[in-house]
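A.B. asks: Residue numbers for the sequence shown follow the UniProt record's numbering, so the first one is 1 and each next one is one higher. Using N, Cα and C, we set each Cβ at its ideal position, and we do this for glycine too. All values reported here derive from a predicted model rather than from experimental measurement. Mind having a look at this structure? Questions to follow.
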Amino acid sequence: MDKLFNKKYFLIGLFSLLYLPSDAQTPYYDLKSDKWGVKNNGRIAVKPQYDFIGVFRDGKAQITLNKKQGYIDETGREIIHPKYWAIYEFNQGLAIFINHINGTQIYQWGVVKDNGEEIVPAKYHRIGNYENGFAVVSLISKLGVINTSGVEIVKAKYDKIIWSNNKAINSFIVELNGKQGIVSETGQETVPLKYDNIAPYKDGAAQVTAQKKIGLIDHFGKEIAAAKYECIGSFQENLAVVKLNSKSGCIDKRGKEIIPLQYDAVSGFFDGYAIVIINNKRGVINLKNEIIIPIKYDSMSYFIKGISYVESAGKEFFINIKEEHVAGEPYLKNFRF
1 MDKLFNKKYF LIGLFSLLYL PSDAQTPYYD LKSDKWGVKN NGRIAVKPQY DFIGVFRDGK
61 AQITLNKKQG YIDETGREII HPKYWAIYEF NQGLAIFINH INGTQIYQWG VVKDNGEEIV
121 PAKYHRIGNY ENGFAVVSLI SKLGVINTSG VEIVKAKYDK IIWSNNKAIN SFIVELNGKQ
181 GIVSETGQET VPLKYDNIAP YKDGAAQVTA QKKIGLIDHF GKEIAAAKYE CIGSFQENLA
241 VVKLNSKSGC IDKRGKEIIP LQYDAVSGFF DGYAIVIINN KRGVINLKNE IIIPIKYDSM
301 SYFIKGISYV ESAGKEFFIN IKEEHVAGEP YLKNFRF
């Protein structure tokens, strides 16, 4: 079994070494001793003593000895003694490691610095990859968050945690007992656990859902649009299409209704104009809700390069924003609203 273990790593290492430059620190396999060492410009820098040595990345290479893993630096010095059941690659000077309790199915995860200091002891059931300086941890089926100092900034008590994508404040969307809220990087619940769903931030706001109604909150968790709408679209030209009681309009990023909810449908604004529908007839309005093209057309495409395909009274033709008949391309039919 041990021979198979070494042969597996020999083949892995052999293929990886084919892509290394000749002057790099190069792991090599010594057939006689059945061990791995390191060569530098063809000279032995580390004598064969390990069961496996991985490729050097950022001056460090993973080592395996007696089925335990660690790391060496370019000089061959053991910066992480091979004592872990598994250890991941370093990211910003930190590596996640796993210990396995023999005879059980228990795996304990922790975090170690590249100087060998364990900033997180082996106590978690899982640790996710660090992103933006934070990692999600799991403990007894509950989730929390740690920072790069190993501090548990969000207690491991939630059922679900995802990155909020808030560009202004580091925060996390959390869920407990079917309700969602937001927790900041200091562990403070900036949004109470009261929503059925919170979507990651986009365009400076996050959509929240309560009792199947949708609203918006800002970077600080303040509700800028009450959870009353049936639908809220993405912001285009600082306006988002909303729908309530089967009528559509637009709100701005403060939640103010800029385009009244009086239309059956509203397209997103582009170049200051939007297509609107009333009683299955289409026209165009501007940002002031002024009708630019009468709501009379049976079909209308989005304006592309200033031209739209329209249908009226069984006739097909093309118009510009001044409603003048112009020449157009047939492909515009594929972009009807």
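Looking only at its own chain, which residues have a Cβ that is under 6 Å from the Cβ of residue 128, when we skip the five neighbours before and after it?
C.D. replies: As a first step, residue 128 is located in the sequence shown; it is residue number 128 there, counting from the start. If we look at residue 128 and ignore the five residues flanking it on each side, its Cβ neighbours are 135, 136.
A.B. asks: When the Cα atoms are used, what is the spatial distance from residue 298 to residue 274?
C.D. replies: Position 298 of the sequence shown, counted from the first residue, corresponds to residue 298. Position 274 of the sequence shown, counted from the first residue, corresponds to residue 274. Taking the straight line joining both Cα atoms gives about 16 Å.
A.B. asks: Would you mind working out which of 333, 231, 305, 145 sits nearest residue 320, comparing C-alpha positions?
C.D. replies: Position 320 of the sequence shown, counted from the first residue, corresponds to residue 320. Out of 333, 231, 305, 145, 305 has the C-alpha closest to the C-alpha of residue 320.
A.B. asks: Identify whether residue 200 lies in helix, strand or coil by the three-state DSSP scheme.
C.D. replies: Looking up residue 200 in the sequence shown gives position 200. In the structure shown, residue 200 sits in coil (DSSP, three-state: anything other than H, G, I, E or B).
A.B. asks: For residue 294, does the count of other Cβ atoms within 10 angstroms reach 16, so buried, or fall short, so exposed?
C.D. replies: If you number the sequence shown from 1, residue 294 lands on position 294. Exposed, by the Cβ-count rule.
A.B. asks: Assign residue 231 to one of two classes, buried (16 or more other C-beta atoms within 10 Å of its C-beta) or exposed (fewer than that).
C.D. replies: The sequence position of residue 231 within the sequence shown is 231, counting from 1. So residue 231 counts as exposed.
A.B. asks: Per DSSP, residue 110 is paired with what?
C.D. replies: Taking the first residue of the sequence shown as 1, we reach residue 110 at position 110. Partner(s): 97.
A.B. asks: I need the straight-line Cα distance from residue 286 to residue 92, nearest angstrom please.
C.D. replies: Taking the sequence shown and counting its residues from 1, one reaches residue 286 at position 286. Taking the sequence shown and counting its residues from 1, one reaches residue 92 at position 92. Taking the straight line joining both Cα atoms gives about 50 Å.
A.B. asks: Which residues in the same chain have their Cβ closer than 6 Å to the Cβ of residue 144, if we skip the five residues on either side of it in sequence?
C.D. replies: The sequence position of residue 144 within the sequence shown is 144, counting from 1. Within the same chain, residue 144 has close Cβ partners 137, 152, 154, 155, 156.
A.B. asks: With DSSP as the reference, label residue 167 as helix, strand or coil.
C.D. replies: Residue 167 sits at position 167 when you count from the first residue of the sequence shown. Of the three classes helix, strand and coil, the one that applies to residue 167 here is coil, per DSSP.
A.B. asks: Based on Cα-Cα distance, which residue from 77, 184, 278, 53 lies nearest to residue 247?
C.D. replies: Position 247 of the sequence shown, counting from 1, holds the residue named residue 247. Ranking the options by Cα distance to residue 247, first place goes to 278.
A.B. asks: Please list, in chain order, all residues of the same chain as residue 33 whose beta carbon is under 6 Å from its beta carbon, the five residues on each side excluded.
C.D. replies: As a first step, residue 33 must be located in the sequence shown, where it is residue number 33. For residue 33, where only same-chain residues beyond five positions count, the Cβ hits under 6 Å are 48.
A.B. asks: Are residue 114 and residue 80 touching if we call contact CB-CB under 9 Å?
C.D. replies: For this step, residue 114 is matched to residue 114 along the sequence shown. For this step, residue 80 is matched to residue 80 along the sequence shown. The answer is yes: Cβ separation under 9 Å.
A.B. asks: Excluding the 5 residues preceding and the 5 following residue 263 in the sequence, name in chain order all residues of the same chain whose CB lies nearer than 7 Å to its CB.
C.D. replies: To locate residue 263, count along the sequence shown from 1; it is residue 263. Contacts found: 247, 248, 249, 276, 277, 278.
A.B. asks: Note down, in chain order, each residue of its chain lying with its Cβ closer than 7 Å to the Cβ of residue 59, except the 5 sequence neighbours on either side.
C.D. replies: Translated into the one-based positions of the sequence shown, residue 59 becomes position 59. The residues are 73, 74.
A.B. asks: Report the CB separation of residue 120 from residue 150 in whole angstroms; it is logged as a contact under 8 Å.
C.D. replies: In the sequence shown, counting from the first residue as 1, residue 120 sits at position 120. In the sequence shown, counting from the first residue as 1, residue 150 sits at position 150. Contact holds; Cβ gap of about 4 Å.
A.B. asks: DSSP three-state label for residue 302, please.
C.D. replies: By one-based count along the sequence shown, residue 302 stands at place 302. Coil.
A.B. asks: Helix, strand or coil: which one does DSSP assign to residue 370?
C.D. replies: Nothing in the structure corresponds to residue 370, since the chain is present only between 1 and 337.
A.B. asks: Would you give the residue range spanned by the beta strand (DSSP E) that residue 239 belongs to?
C.D. replies: Counting from 1 along the sequence shown, the entry for residue 239 is found at position 239. First-last of the beta strand (DSSP E) with residue 239: 239–244.
A.B. asks: Which residues in the same chain as residue 333 place their Cβ atom closer than 7 Å to its Cβ, once the five residues preceding and following it in sequence are excluded?
C.D. replies: Position 333 of the sequence shown, counted from the start, is the residue given in the question as residue 333. Result list for residue 333: 301, 309, in chain order.
A.B. asks: I need the straight-line Cα distance from residue 211 to residue 189, nearest angstrom please.
C.D. replies: Locating residue 211 in the sequence shown gives position 211, counting from the first residue. Locating residue 189 in the sequence shown gives position 189, counting from the first residue. The alpha-carbon atoms of residue 211 and residue 189 are separated by roughly 21 Å.
A.B. asks: Should residue 31 go down as buried or exposed, given a rule of 16 or more other Cβ atoms within 10 Å for buried?
C.D. replies: Residue 31 sits at position 31 when you count from the first residue of the sequence shown. Exposed, because fewer than 16 other Cβ atoms sit within 10 Å of the Cβ of residue 31.
A.B. asks: Between the alpha carbons of residue 170 and residue 203, how many angstroms are there, rounded?
C.D. replies: What you label residue 170 is simply residue 170 of the sequence shown in a count that begins at 1. What you label residue 203 is simply residue 203 of the sequence shown in a count that begins at 1. Whole-angstrom Cα-Cα distance: 16 Å.
A.B. asks: Can you give me the C-alpha to C-alpha distance between residue 109 and residue 88, rounded to a whole angstrom?
C.D. replies: On the sequence shown, residue 109 is found 109 positions in, with the first residue counted as 1. On the sequence shown, residue 88 is found 88 positions in, with the first residue counted as 1. Taking the straight line from one Cα to the other gives about 11 Å.
A.B. asks: For residue 322, is the classification buried or exposed, using 16 other Cβ atoms within 10 angstroms of its Cβ as the cut-off for buried?
C.D. replies: Taking the sequence shown and counting its residues from 1, one reaches residue 322 at position 322. It counts as exposed.
A.B. asks: What span of residues does the beta strand (DSSP E) with residue 264 cover, start to end?
C.D. replies: What you label residue 264 is simply residue 264 of the sequence shown in a count that begins at 1. First-last for residue 264: undefined, no H or E at that position.
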